[in-house]
Amino acid sequence: MAATTTAPVKRKIIIDTDPGQDDAAAIMMAFGSPDELEVLGLCAVAGNVPLSYTSRNLRIVCELCGKPDAPVYEGALKPLFRPQVTAEHVHGKTGLDGAVLPEPTMKAREQHAVDFIIETLMTEPEGTVTLCTLGPLTNIATALEKEPRIAPRVKELVMMGGGFFEGGNITPAAEFNIYVDPHAAKQVFAAGIPIVMMPLDVTHQLLTTKSRVEKIAALGTRPGDVLVEWLAFFERFDIEKYGSDGGPLHDPSVIAYLLKPELFTGRHCNVEIEVDSPLTVGMTVVDWWGVTDRAKNATVMRKVDADGFFALLTERVGKL
Ligand code: BDR
Ligand code: CA
Numbered sequence: 341m342a343a344t345t346t347a348p349v350k351r352k353i354i355i356d357t358d359p360g361q362d363d364a365a366a367i368m369m370a371f372g373s374p375d376e377l378e379v380l381g382l383c384a385v386a387g388n389v390p391l392s393y394t395s396r397n398l399r400i401v402c403e404l405c406g407k408p409d410a411p412v413y414e415g416a417l418k419p420l421f422r423p424q425v426t427a428e429h430v431h432g433k434t435g436l437d438g439a440v441l442p443e444p445t446m447k448a449r450e451q452h453a454v455d456f457i458i459e460t461l462m463t464e465p466e467g468t469v470t471l472c473t474l475g476p477l478t479n480i481a482t483a484l485e486k487e488p489r490i491a492p493r494v495k496e497l498v499m500m501g502g503g504f505f506e507g508g509n510i511t512p513a514a515e516f517n518i519y520v521d522p523h524a525a526k527q528v529f530a531a532g533i534p535i536v537m538m539p540l541d542v543t544h545q546l547l548t549t550k551s552r553v554e555k556i557a558a559l560g561t562r563p564g565d566v567l568v569e570w571l572a573f574f575e576r577f578d579i580e581k582y583g584s585d586g587g588p589l590h591d592p593s594v595i596a597y598l599l600k601p602e603l604f605t606g607r608h609c610n611v612e613i614e615v616d617s618p619l620t621v622g623m624t625v626v627d628w629w630g631v632t633d634r635a636k637n638a639t640v641m642r643k644v645d646a647d648g649f650f651a652l653l654t655e656r657v658g659k660l
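Each position in the sequence shown, counted from 1, maps to that position plus 340 in the numbering used here.
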């Protein structure tokens with residue numbers, strides 16, 4: 341009997357993002373992995389810069405990746421309850437400073453990102469859609485609020501957010517994505533969705549060192565060259581802050597996990613979000629040592645094979 345081969349099942353993903361140069365790197369990695377990932381849609385959220393810029397930037401990245409027909413949706417204009425906080429001091433005025441690119445010609449779809457997320461989760465088979473969040477969790481929390489039946493339908497939510505052993509990056513206690521909308525984060529962590537969390541503890545190991553960036557430059561492709569320009573801009577703030585060789589490349593850790601989970605190690609534990617304390621608002625309180633009986637609600641990553649990660653990133657950007 342002739343052997344039959346079946347095509348590997350692609351993972352269906354929704355990317356929720358606030359580009360951001362490191363968000364851009366994550367999106368490039370996803371589009372460079374068509375054998376493993378099917379990008380159902382990309383949702384912009386206010387975060388690093390206001391929504392008008394994150395939507396624009398998202399469309400610029402799609403066009404750079406040769407995906408002008410990618411379904412892009414616009415979501416939340418501001419956090420659930422707190423005033424908007426942005427990070428132009430890191431990402432530049434547009435959020436994507438560092439490379440000169442044409443304004444996008446593709447448009448965002450009419451449908452609101454929250455409704456797209458709900459509709460997709462309610463129509464795709466249960467347990468088949470993975471949410472990849474690279475920014476504040478406002479869109480996801482709003483979707484959960486509007487249609488709670490989506491929670492058990494999510495396969496997994498893989499997020500860049502939080503920090504524990506490493507502390508915070510926007511305050512001593514809080515990481516930017518969680519700090520911007522802690523109420524949204526609290527709702528997401530309480531939703532019963534299987535969560536994988538990429539905190540600063542992991543992303544601070546992913547440094548854009550000279551030799552790693554040279555390998556991206558050596559691709560000699562337009563997307564590779566633009567990424568190198570973006571990284572040069574993005575890393576300057578953190579190099580000065582941390583005195584490190586290169587800056588931490590946060591958001592692509594989410595996509596790398598989908599492609600090669602063996603690059604990461606972590607622990608399943610309880611994570612709670614501080615929303616009240618003026619001193620520590622946005623802190624991700626991780627019960628790493630299991631000192632409470634609070635239910636485990638997230639797999640918190642702590643270590644990563646950084647060279648393996650950069651080899652994967654470079655390979656996938658090279659496929660664009
Ligand atoms: C996170 O905040 C943003 O500045 C980055 O894009 C990343 O998602 C890191 O704290
Ligand atoms: Ca981001």
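In this text, a Cβ means the ideal position worked out from N, Cα and C, and glycines have one as well.
CB contact flag (residue i, residue j, <8 Å)
{"i": "E403", "j": "P465", "result": "no"}
{"i": "V494", "j": "V469", "result": "yes"}
{"i": "N388", "j": "A448", "result": "no"}
{"i": "G664", "j": "A557", "result": "Given a span of 341 to 660 for the chain in the structure shown, any question on residue 664 remains unanswerable."}
{"i": "T301", "j": "G658", "result": "No information on residue 301 is available, as it lies outside the stretch 341 to 660 that the chain covers here."}
{"i": "R351", "j": "E378", "result": "yes"}
{"i": "L653", "j": "K600", "result": "no"}
{"i": "A439", "j": "W570", "result": "yes"}
{"i": "I353", "j": "A370", "result": "yes"}
{"i": "V385", "j": "N509", "result": "no"}
{"i": "M446", "j": "L660", "result": "no"}
{"i": "I457", "j": "A483", "result": "yes"}
Enclosing beta strand (DSSP E) for residue i [first to last residue]
{"i": "D307", "result": "Because residue 307 is not part of the residues shown, which for the chain are 341 to 660, the question remains open."}
{"i": "F604", "result": "604 to 609"}
{"i": "E414", "result": "412 to 414"}
{"i": "K643", "result": "638 to 644"}
{"i": "G586", "result": "Where G586 is concerned, there is no enclosing beta strand (DSSP E), given that its DSSP letter is neither H nor E."}
{"i": "L461", "result": "From DSSP, L461 is part of no beta strand (DSSP E) but of the alpha helix (DSSP H) over 453 to 463."}
The alpha helix (DSSP H) enclosing residue i, as first and last residue numbers
{"i": "A365", "result": "361 to 371"}
{"i": "D356", "result": "Premise fails: D356 lies in the beta strand (DSSP E), 351 to 357, not in any alpha helix (DSSP H)."}
{"i": "L404", "result": "391 to 404"}
{"i": "A481", "result": "478 to 486"}
{"i": "L599", "result": "592 to 599"}
Proximity test, Cβ basis, 8 Å: residue i and chain C
{"i": "L398", "result": "Of the protein chains in this structure there is only one, and it is not chain C."}
Residue i, buried or exposed, once every other Cβ within 10 Å from all chains shown has been counted against 16
{"i": "S392", "result": "exposed"}
{"i": "D627", "result": "buried"}
{"i": "E515", "result": "buried"}
{"i": "G415", "result": "buried"}
{"i": "E614", "result": "buried"}
Contact between the region 473 to 484 and the region 355 to 367 is defined here as three or more beta-carbon pairs at a separation below 8 Å; is this criterion met? Output reads yes: the region 355 to 367 touches the region 473 to 484.
Just checking, does the region 539 to 556 make contact with the region 503 to 512 on the three C-beta pairs under 8 Å criterion? These segments touch.
Taking 8 Å as the threshold, find out whether the region 416 to 426 comes into contact with the region 521 to 534 through three or more Cβ pairs. Three or more beta-carbon pairs separated by less than 8 Å link the region 416 to 426 to the region 521 to 534, which places the two stretches in contact.
Alpha helix (DSSP H) runs contained entirely in the region 500 to 544, provided each spans 4 or more residues: If we require 4 residues or more, the alpha helix (DSSP H) runs fully inside the region 500 to 544 come out as 516 to 520, 522 to 529, 540 to 543.
Evaluate the contact criterion for the region 546 to 561 versus the region 582 to 598: three or more CB pairs, one atom per stretch, below 8 Å. When C-beta atoms of the region 546 to 561 are compared with those of the region 582 to 598, three or more pairs fall below 8 Å, so the two segments count as touching.
When the Cβ atoms of the region 620 to 630 are set against those of the region 577 to 584, are three or more pairs found closer than 8 Å? With a cut-off of 8 Å, the region 577 to 584 and the region 620 to 630 do not count as touching, because too few Cβ pairs lie within range.
Would you say the region 608 to 617 touches the region 626 to 641, given that touching needs at least three Cβ pairs under 8 Å? The region 608 to 617 is in contact with the region 626 to 641.
Quiz: which residues have CB nearer than 6 Å to ligand 4 non-hydrogen atoms: The model depicted lacks ligand 4 and carries ligand 1 and ligand 2 instead.
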